[in-house]
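Residue numbers (this note's numbering), protein chains in the order written: chain A, 1349 to 1712; chain B, 1349 to 1712.
All C-beta atoms in this analysis are idealised placements derived from N, C-alpha and C, irrespective of residue type, glycine included.
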């Protein structure tokens, strides 16, 4: 379902869009080109990992997830971090592929959990093959992750890092579900659901759900590139801060993004009853009690009408929530860039600096 | 839903039961005692693995699966195989725990896929916590498997064996679903469903779904016990044959078992539209065309009535299918035992021989 915004909403979106894009169009394009170029090299390898022990029917399913695109931000980070500590980008491919596989592993289950039929403008694995086949494909991804890790430089450390990361993502996903305000039949979830979410709660969730994978991407790059301990630490901090910023930017885009560029309608978090969106959370602080009740009531209800969605969006955009969230992402990206001070100058380091900016300036 | 059998059915069940149990009661009891004793030692370790990186809420969920029991046949096999090649049972604990974790990992997803609310007489994880939490718990199991493997003797070989095994189980599960004759909404499954299943197809499915895990349990035991190549090969064959027999015995019990002892109603495979049951498959060969059509029609239909179930059971039991399936399990167990010829005499070897018998004589 797509929601049509009011005049005022469109105007606000437009202004924000212009502000974000101003002067960055060229940078954004070159960053996307760079990601695509590296992504292709990782894709070949990760498809090989997915093919191991897969029947032709299963392989077709697991390939669908990869074929549906993605920006390949995370594996590009692994390769760049490896180069930034003096390693070859070639050496980073298995670990980078593992990171992208972890990302897709989590997406497959995330789409089943959220009943999402569309991602990146294309039907999800579950939409094409059904939930049952999606589970099985998802489980197969975990084995491909293992295959990538064991082919990596320093396999045992990479395997351990990957497993730790996956465990965190599971915890993040668990909290994400418990932060929802409706839409679940399970008695357990209804009982355990968070009625109130502080910004600390929110951070705990997105750090686990999103930031740890960015952190792992960069740490893995530093590890396979044989970086020194302080370099790996710096790269980890860079990845972690980028990851938190990335999720907040995702939250912002869910409210003010362009449907065509996102490949999915805006307001999806609200439709999915998610209170764990920084813009929604920040707006609640500024709204009056009756307005706050209205937002929470809408989050709890099933099948939100276009006009109800438009009302909620208007309320949220009447606050400074988008701007405040954007300021937070800027601060995080600043910190991410500073974490790279420990590294000697290099082409890779320069690209990492641009990539950090791209993460919050991207229009999708 | 429980189905009440006709007079004749009860009589047949009773006779079969007596035949299987005759003179084995003592053996069965001592085997169960032995399994329980070893199981306890593995349980402590596997709970430790499950606790790693789990929030207290998640740990409660993942523990539920283990607390609901199970005979611990597979980990006991790992320990016995380790001892049979001269290793200490202590050395086998991490690998044995990993095997039991793999088993439970597959059960969690299996219960979600089959929408099962009852297992071993107790509510399943999904029944208590809902499907979403069951996925997340399931995913966490995979990480506990990794933790067990990396703490094992020969960690890299064990990790590889575990991953290979899990991939096979996924394939077995995929076939199991595609062998069903109804009960799925997915267009993909409806299109890909097998209309006819040969005994070869059946074997392909149960070998992947069940036998490879028994094979892995025994192989892992041989590996961590530092067995010679021919010994490990013999143990693998033993495990594999026991595994095929185990699944066929499961199929038999689903038709003629005792609900109270099974902890689940009989006829569950039929209710779940599963054509992949050796007794059902064998009976089809003997039935007339109209009878065959009736069985297949029932397998396709939703919500089978007690009288329809009773009719089908009568038809199946009018053939020699149960007896033929039982003969096959006897042959497999014979082969399993012969595979142990390569091993020197020992207490562990003797127990493995009893265990093979127990697998097909067990009343649950």
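Nearest-angstrom Cβ-Cβ length linking residue i and residue j, presumed shorter than 8 Å
{"i": "residue 1487 of chain A", "j": "residue 1457 of chain B", "result": "7 Å"}
{"i": "residue 1414 of chain B", "j": "residue 1452 of chain B", "result": "7 Å"}
{"i": "residue 1433 of chain B", "j": "residue 1574 of chain B", "result": "7 Å"}
{"i": "residue 1529 of chain B", "j": "residue 1559 of chain B", "result": "Incorrect: roughly 23 Å between the Cβ atoms, too far for contact."}
{"i": "residue 1618 of chain A", "j": "residue 1647 of chain A", "result": "6 Å"}
{"i": "residue 1418 of chain B", "j": "residue 1468 of chain B", "result": "6 Å"}
{"i": "residue 1448 of chain A", "j": "residue 1390 of chain A", "result": "6 Å"}
{"i": "residue 1550 of chain A", "j": "residue 1624 of chain A", "result": "6 Å"}
{"i": "residue 1383 of chain A", "j": "residue 1443 of chain A", "result": "Not confirmed; about 17 Å, so no contact."}
{"i": "residue 1394 of chain A", "j": "residue 1445 of chain A", "result": "4 Å"}
{"i": "residue 1561 of chain A", "j": "residue 1591 of chain A", "result": "7 Å"}
Through-space distance from residue j to residue i, alpha-carbon basis
{"i": "residue 1380 of chain A", "j": "residue 1693 of chain A", "result": "22 Å"}
{"i": "residue 1633 of chain B", "j": "residue 1599 of chain B", "result": "17 Å"}
{"i": "residue 1454 of chain A", "j": "residue 1516 of chain B", "result": "21 Å"}
{"i": "residue 1613 of chain B", "j": "residue 1649 of chain B", "result": "18 Å"}
{"i": "residue 1398 of chain A", "j": "residue 1412 of chain A", "result": "11 Å"}
{"i": "residue 1699 of chain B", "j": "residue 1428 of chain B", "result": "8 Å"}
{"i": "residue 1501 of chain B", "j": "residue 1687 of chain A", "result": "39 Å"}
{"i": "residue 1450 of chain B", "j": "residue 1439 of chain A", "result": "32 Å"}
{"i": "residue 1557 of chain B", "j": "residue 1402 of chain A", "result": "14 Å"}
{"i": "residue 1584 of chain B", "j": "residue 1479 of chain A", "result": "34 Å"}
{"i": "residue 1357 of chain A", "j": "residue 1616 of chain A", "result": "Low confidence applies here, because residue 1357 of chain A scores a pLDDT of 43, under 50, leaving its location unreliable and the question unanswered by this model."}
{"i": "residue 1462 of chain B", "j": "residue 1533 of chain A", "result": "18 Å"}
{"i": "residue 1522 of chain B", "j": "residue 1555 of chain B", "result": "13 Å"}
{"i": "residue 1657 of chain B", "j": "residue 1603 of chain B", "result": "11 Å"}
{"i": "residue 1665 of chain B", "j": "residue 1627 of chain B", "result": "9 Å"}
{"i": "residue 1512 of chain A", "j": "residue 1690 of chain B", "result": "41 Å"}
{"i": "residue 1708 of chain B", "j": "residue 1597 of chain B", "result": "6 Å"}
Interface partners of residue i on chain A, CB under 9 Å
{"i": "residue 1552 of chain B", "result": "Per Cβ cutoff of 9 Å: no residues; residue 1552 of chain B is ~10 Å from chain A at best."}
Residue i in three-state terms, based on DSSP
{"i": "residue 1532 of chain B", "result": "coil"}
{"i": "residue 1422 of chain A", "result": "helix"}
{"i": "residue 1638 of chain B", "result": "helix"}
{"i": "residue 1623 of chain A", "result": "coil"}
{"i": "residue 1371 of chain B", "result": "In this prediction, residue 1371 of chain B scores a pLDDT of 44, lower than 50, which makes its location untrustworthy; the coordinate-derived value is nonetheless stated afterwards. Three-state result, residue 1371 of chain B: coil."}
{"i": "residue 1703 of chain B", "result": "helix"}
{"i": "residue 1709 of chain A", "result": "helix"}
{"i": "residue 1398 of chain A", "result": "helix"}
{"i": "residue 1442 of chain A", "result": "helix"}
{"i": "residue 1498 of chain A", "result": "helix"}
{"i": "residue 1522 of chain A", "result": "helix"}
{"i": "residue 1470 of chain A", "result": "strand"}
{"i": "residue 1514 of chain A", "result": "helix"}
{"i": "residue 1653 of chain B", "result": "coil"}
{"i": "residue 1557 of chain B", "result": "helix"}
{"i": "residue 1366 of chain A", "result": "Residue confidence for residue 1366 of chain A is low, a pLDDT of 35 falling below 50, so the modelled location carries little weight and cannot support an answer."}
Chain B contact for residue i (CB, 7 Å cutoff)
{"i": "residue 1708 of chain A", "result": "no"}
{"i": "residue 1494 of chain A", "result": "yes"}
{"i": "residue 1457 of chain A", "result": "yes"}
Residue i: contacting residues in chain B (beta-carbon distance under 8 Å)
{"i": "residue 1480 of chain A", "result": "1461, 1525, 1532, 1534 and 1537"}
is_contact[residue i, chain A] using C-beta, thresh 7 Å
{"i": "residue 1487 of chain B", "result": "yes"}
{"i": "residue 1518 of chain B", "result": "yes"}
{"i": "residue 1407 of chain B", "result": "no"}
{"i": "residue 1477 of chain B", "result": "yes"}
{"i": "residue 1663 of chain B", "result": "no"}
{"i": "residue 1702 of chain B", "result": "no"}
{"i": "residue 1359 of chain B", "result": "With a pLDDT of only 40 at residue 1359 of chain B, under the threshold of 50, the placement of this residue in the model should not be trusted; the figure read from the coordinates follows. No, its Cβ sits nowhere closer than 7 Å to a Cβ of chain A."}
Residue i: contacting residues in chain A (beta-carbon distance under 7 Å)
{"i": "residue 1512 of chain B", "result": "1401"}
Closer than 7 Å at the beta carbon, the chain B residues around residue i
{"i": "residue 1515 of chain A", "result": "1401, 1488 and 1491"}
{"i": "residue 1484 of chain A", "result": "1518, 1521 and 1522"}
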